[in-house]
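Below you'll find the structure, written out as structure tokens, and then a few comments.
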Amino acid sequence: MDEYIERLKDGSLKLYALEKELPPKEAVRVRRAFIEGETGTPLPAIGSFTIGIDRVVKRNIENMIGAVQVPVGVAGPLVVHGEYASGSYYIPLATTEGALVASVNRGCSLITRAGGADVRIMRDGMTRAPVFATRDVIHAKETANWVDTHTTEIREAAESTTKHGEFLKARTYITGTSVFVRLEFDTKDAMGMNMVTIASQKVGELIERETGARLVSLSGNMCTDKKPAAINLVQGRGKTVVAGVRLSEALIADLLKTDAETLFEVNYRKNLVGSARAASFGFNAQAANVVAGIFIACGQDAAHVVEGSTAITTVDRVEGGVYVSVTIPSLPVGTVGGGTGVDTQHECLAMLGVAGGGDPPGTNARAFGEIVAAAVLAGELSLLGALAAQHLARAHQNLGRG
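For what it's worth, the numbering used here labels the leading residue of the sequence shown as 5, then goes sequentially.
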């Protein structure tokens, strides 16, 4: 080890090149020892992990020194009545926020006792939007017209790069001399960002060649990836999922310690009026909490919590109680690729019965999306109930502070 550390110190060996000379496990150990020496900080906990790293260092991480462990709890059982997910599930949540798992667990109990959550996927398509520079507005309009009238050529170019992806549509947007082309794909069981990026490169080259417009950037930010954006809220990105459950007055009183009218008012004044007054894209109580917990546990791209948290929670008064629903317009999820193959994350997906590719392709990712939406609904119900009953501070005092 000393030889490698000396080479790292004198610059003759780069941190990223250790795997070229050593097996992955040894490379990680040497790199960690070097960082310990450079920072004067021992890292025994970071160096203690169970995941196999041969695949990880090739696909998931660079300059690996170990792993940060996040506690994983389970909430459930949660009964889900979806088109792809149908049954009772225990929801894995990776978090360090005390009271979160308990909160979701209470919502799961409420939904299950009510007979289960109805869930439907309204649309499914991952996007990438390259931006092109044109000479003037006339050229911009000509470029957009070419895209609009040459769907077959665009589809052939896009699908030549993937065995699994399916091109769905292209929408054009013009701003001055900039032309944005929002390409949308069915990525089956993959979340699909790599897939659509590679396909979009091919399409971008085609558009550039045929129109003379200059491809400036493969992403023009109208995708919109990992940033709050109204276009995702309106048009959707990834999976657009809606989950709902009917609750009786008796169930609300028993489990939430409040009543239907108070639950309705809290949602109206907090999630709807309060969010509108703040100009928020998230009209919900804590969707990001649940999305983040499941994403980290199940190997999703954690930055996509930005899109997944733009959810809208509604409470309708119905005879004998309320109907509560959550709409998530932009939920990018997958069960193959990315972090889904890491050992611990793969186990969490397997616990939900959605690990790997589905049969037919796409069914596992859609089932996973339905489960996530139902879990978000559980979290919303529990927090709304805690607020309505004035129990929120007490719960955090007891569970968040130990």
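A virtual CB, placed ideally from N, CA and C, is assigned to each residue, including glycine. In this text the structure is predicted, and so the values were computed from the model without any measurement.
Check                                                                                                                                                                           : Outcome
One question on the structure: do residue 242 and residue 336 come within less than 7 Å of each other, judged by their Cβ atoms?                                                : yes
The alpha helix (DSSP H) with residue 126 in it runs from where to where?                                                                                                       : Segment 121–132 is the beta strand (DSSP E) holding residue 126; no alpha helix (DSSP H) there.
Within the same chain, show all residues whose beta-carbon is closer than 6 Å to that of residue 198, passing over the 5 residues directly before and after it, in chain order. : none
Compute the distance between the beta-carbons of residue 378 and residue 84, then report whether it is under 7 Å.                                                               : yes
Give the straight-line distance between the Cα atoms of residue 348 and residue 298, rounded to the nearest whole angstrom.                                                     : 13 Å
Is DSSP giving residue 19 helix, strand or coil here?                                                                                                                           : helix
In angstroms, rounded to a whole number, what distance separates the CA positions of residue 56 and residue 354?                                                                : 17 Å
Report back the beta-carbon spacing between residue 246 and residue 126 to the nearest angstrom; my notes put them in contact at under 8 Å.                                     : 6 Å
For residue 80 and residue 262, what's the separation of their Cα atoms in angstroms?                                                                                           : 22 Å
How would you write the range of the alpha helix (DSSP H) that residue 32 sits in, first residue to last?                                                                       : 28–43
At which residues does the alpha helix (DSSP H) containing residue 353 begin and terminate?                                                                                     : 347–355
Assuming residue 249 and residue 356 are in contact, meaning their beta carbons sit under 8 Å apart, how far apart are those beta carbons, in whole angstroms?                  : In fact, because the Cβ distance is near 19 Å, the residues do not count as touching under 8 Å.
Whole-angstrom Cβ separation of residue 141 and residue 181, contact assumed at under 8 Å?                                                                                      : 7 Å
Run the CB neighbour count on residue 236, radius 10 Å, all protein chains shown included, and call it buried at 16 or more, exposed below.                                     : buried
Check whether the region 270–285 and the region 313–322 are in contact - that is, three or more C-beta pairs closer than 8 Å.                                                   : yes
For residue 12 and residue 73, what's the separation of their Cα atoms in angstroms?                                                                                            : 27 Å
Taking Cβ positions, are residue 219 and residue 161 nearer each other than 7 Å?                                                                                                : no
Alpha carbon to alpha carbon, how far is residue 25 from residue 290?                                                                                                           : 47 Å
Please classify residue 213 as buried or exposed, where buried requires at least 16 other C-beta atoms within 10 Å of its C-beta.                                               : exposed
Alpha carbon to alpha carbon, how far is residue 22 from residue 409? Give it in angstroms, no decimals.                                                                        : In the structure as shown, the chain begins at 5 and stops at 406. Residue 409 is therefore absent and cannot be evaluated.
Is the distance from the Cβ of residue 339 to the Cβ of residue 193 below 7 Å?                                                                                                  : yes
Give the secondary structure of residue 152 by DSSP, where H, G and I count as helix, E and B as strand, and everything else as coil.                                           : helix
Can you say whether residue 132 is buried or exposed, counting buried as having 16 or more other CB atoms within 10 angstroms of its CB?                                        : buried
Classify residue 68: buried if its beta carbon has 16 or more other beta carbons within 10 angstroms, exposed otherwise.                                                        : buried
Check the C-beta distance from residue 333 over to residue 244 and give it rounded, since I have them as a contact under 8 Å.                                                   : 5 Å
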